[in-house]
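Residue numbers (the working numbering): 36 to 212.
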């Protein structure tokens, strides 16, 4: 596993922009695992991936349909967006979705996939999104207004880590800019 690149994101727009930048590094066959609590920004980042890949359809949470395919509008790969939250069977249940058939030709982004889909590909990208609520304000004597609290609530710490030879030579630090 490569050392992770840490990026601070301060708004949903910045999270989408990070997704667009990440899309420039992706190619058919790439598996992206998105980890973070409910509301962390996994779908927002995936929306940016879809924009960056130039795919058809609005990228929304696939929670109730489990997986949604967004075909490319150009010559790029389609985006397969999966929400593995409700899947308890791990890889066996994921295989029922035929993702292994889609993977070679698509970019597959899996929310809640950690511990469930790593077996789909030796090479993968892990994106971990964590809220940093209060971390900048801890120990501060400053009064926190409602506006400041809302701004602080949007701050996310994103760590992008490449696993496998596919990501060994990739400059993930470029995502920070």
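No residue lacks a Cβ here, since even glycine has one placed at the ideal position from N, Cα and C.
How would you label residue i, buried or exposed, when you count the other beta carbons within 10 angstroms and need 16 or more for buried?
{"i": "residue 281", "result": "Any answer about residue 281 is impossible in this case: the structure gives the chain only from 36 up to 212."}
{"i": "residue 179", "result": "Confidence at residue 179 is low in this model, with a pLDDT of 41, below 50, so the placement of that residue should be treated as unreliable; the coordinate-derived value is given next. With fewer than 16 other Cβ atoms within 10 Å, it is exposed."}
{"i": "residue 66", "result": "buried"}
{"i": "residue 73", "result": "exposed"}
{"i": "residue 78", "result": "buried"}
{"i": "residue 204", "result": "exposed"}
{"i": "residue 157", "result": "exposed"}
{"i": "residue 87", "result": "buried"}
{"i": "residue 176", "result": "No answer about residue 176 holds up, because its pLDDT of 45 lies below 50 and its placement is not dependable."}
{"i": "residue 112", "result": "buried"}
{"i": "residue 209", "result": "exposed"}
{"i": "residue 154", "result": "exposed"}
{"i": "residue 150", "result": "exposed"}
{"i": "residue 45", "result": "exposed"}
{"i": "residue 75", "result": "buried"}
{"i": "residue 144", "result": "buried"}
{"i": "residue 83", "result": "buried"}
{"i": "residue 92", "result": "exposed"}
Measure from the alpha carbon of residue i to the alpha carbon of each residue in the options, then state which is nearest.
{"i": "residue 97", "options": "198, 156, 192, 118", "result": "118"}
{"i": "residue 161", "options": "190, 77, 68, 148", "result": "68"}
{"i": "residue 191", "options": "211, 199, 145", "result": "211"}
{"i": "residue 52", "options": "111, 81, 163", "result": "81"}
{"i": "residue 63", "options": "110, 146, 189, 164", "result": "110"}
{"i": "residue 140", "options": "163, 147, 167, 114", "result": "114"}
{"i": "residue 142", "options": "189, 43, 206, 102", "result": "102"}
{"i": "residue 41", "options": "85, 138, 164", "result": "164"}
{"i": "residue 120", "options": "71, 93, 194, 206", "result": "71"}
{"i": "residue 195", "options": "207, 90, 93", "result": "207"}
Mind checking which residues open and close the alpha helix (DSSP H) that includes residue i?
{"i": "residue 197", "result": "Unbroken run through residue 197 is the beta strand (DSSP E), 191 to 198; no alpha helix (DSSP H)."}
{"i": "residue 55", "result": "47 to 58"}
Just to confirm the assignment, what range does the beta strand (DSSP E) spanning residue i have?
{"i": "residue 156", "result": "Element bounds for residue 156: n/a, residue is neither H nor E."}
{"i": "residue 140", "result": "Careful: residue 140 lies outside any beta strand (DSSP E) and carries neither H nor E."}
{"i": "residue 114", "result": "114 to 118"}
{"i": "residue 211", "result": "Here residue 211 belongs to no beta strand (DSSP E), and DSSP marks it neither H nor E."}
{"i": "residue 41", "result": "40 to 44"}
{"i": "residue 103", "result": "102 to 105"}
Can you find a heavy atom of the ligand FMN that lies under 7 Å from the Cβ of residue i?
{"i": "residue 107", "result": "With respect to the ligand FMN, the structure offers nothing, as it holds no ligand at all."}
query = Can you list, in chain order, the stretches of the beta strand (DSSP E) that have 3 or more residues and sit fully within the segment 64 to 99?
reply = 66 to 70, all fully within the segment 64 to 99.
task = Spell out a yes or no on whether the segment 43 to 57 and the segment 102 to 110 are touching, meaning 3 or more CB-CB pairs, one atom from each, closer than 8 Å.
result = no
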